[in-house]
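> To start, I am sharing the structure in question, which I have written as structure tokens.
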Amino acid sequence: MKKILIDDDKPEKYAQLISLVQREQLTTDHVEVVTNVRDALDRLAGHQYLVLVLDMFLPDTPWDGPHEKGGANLLTHLEEDDSLYRPKYIIGVTASQDELDIVTGK
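Structure, rendered in structure tokens:
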């Protein structure tokens, strides 16, 4: 089982986390990084992950720009598509309170 899937259009933010995983003597096979919803769905269709770290302001495809519904779109797919492996834990992240308010509908 893969351990962590990170879905963020700015993956450089996770260099410290990846370094920590490597120091704990886990291999880089334990962490995968994708940058859009489509690539995350491809990974979740073929692998079981323990943790999904999900940027909420994310592009749907590699050629799109990030938008406020990207992360929510991925969560909708996870809820509705029984062919996807659902991670045990999902951690949503965002860069600003404004983006959080958009995603949560506040």
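Per the numbering used here, the very first residue in the sequence shown carries number 1441; after that it's consecutive.
Ideal Cβ placement from N, Cα and C applies to all residues, glycine included.
Everything numeric in this text was worked out from a predicted model, so none of it was measured.
Roughly how many whole angstroms lie between the Cα atoms of S1459 and G1486?
Those two C-alpha atoms are separated by around 25 Å.
> What's the call for P1502, buried or exposed, on a 16-neighbour Cβ count within 10 Å?
By the 10 Å Cβ count, P1502 comes out exposed.
> Compare the beta carbon distance of D1447 and T1475 with 9 Å and say whether it is the shorter of the two.
In contact: D1447 and T1475 (Cβ atoms closer than 9 Å).
> Would you call D1495 buried or exposed, if buried means 16 or more other Cβ atoms sit within 10 Å of its Cβ?
So D1495 counts as buried.
> Is the beta carbon of Y1525 closer than 9 Å to that of V1493?
Taking 9 Å as the Cβ cut-off, V1493 and Y1525 do not qualify as a contacting pair.
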